[in-house]
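Numbering (full-length UniProt numbering), first residue to last: 1 to 120. A virtual CB, placed ideally from N, CA and C, is assigned to each residue, including glycine. Following: one structure in structure tokens, then a few remarks.
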């Protein structure tokens, strides 16, 4: 899992280059919403053989199919965002500096994942 902060007004697809370079190893598939539906992103994913599980925008001239079964797994990502927003500092964005906010996101994510890893 990787994070990249952008401004609230920035389009999702603008952060693609920064996000795809963050993981240590290439993922088998990229699950993303319609905000990432761009021909350049699909072409970039085809080269290293990463499956693009991105639904096409409604105004796309040529409709593109995606793996609907795999796309259903995206709800896990949305649920994680919901769990992160339980943390008041993240939901209200009190931090003025991006580094402080990113640190809080990392801390809240670690706390969230510890629930699943901790066995005692």
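Quick check on DSSP: helix, strand or coil for residue i?
{"i": "residue 5", "result": "coil"}
{"i": "residue 53", "result": "strand"}
{"i": "residue 72", "result": "helix"}
{"i": "residue 45", "result": "helix"}
{"i": "residue 20", "result": "helix"}
{"i": "residue 14", "result": "helix"}
{"i": "residue 34", "result": "helix"}
{"i": "residue 39", "result": "helix"}
Residue i and residue j look like a contact to me (Cβ under 8 angstroms); what is the Cβ gap, rounded to whole Å?
{"i": "residue 50", "j": "residue 16", "result": "Rounded, the Cβ-Cβ distance is 12 angstroms, inconsistent with contact."}
{"i": "residue 34", "j": "residue 57", "result": "5 angstroms"}
{"i": "residue 74", "j": "residue 31", "result": "5 angstroms"}
{"i": "residue 2", "j": "residue 19", "result": "6 angstroms"}
{"i": "residue 5", "j": "residue 101", "result": "7 angstroms"}
{"i": "residue 89", "j": "residue 104", "result": "5 angstroms"}
{"i": "residue 29", "j": "residue 70", "result": "6 angstroms"}
Report the partner residues of residue i according to the DSSP bridge assignment.
{"i": "residue 29", "result": "51"}
Over what stretch of residues does the alpha helix (DSSP H) that includes residue i continue unbroken?
{"i": "residue 90", "result": "88-92"}
{"i": "residue 103", "result": "98-117"}
{"i": "residue 82", "result": "75-84"}
Does the ligand FMN have a heavy atom nearer than 7 angstroms to the CB of residue i?
{"i": "residue 99", "result": "The ligand FMN is not part of the structure shown, which contains no ligands of any sort."}
(request) For the stretch 99-115 and the stretch 73-87, state whether three or more C-beta atom pairs, one from each stretch, are separated by less than 8 angstroms. (result) yes
(message) Does the contact criterion of 3 or more C-beta pairs under 8 angstroms hold for the stretch 56-63 versus the stretch 12-27?
(response) Counting Cβ pairs under 8 angstroms, fewer than three are found: no touch.
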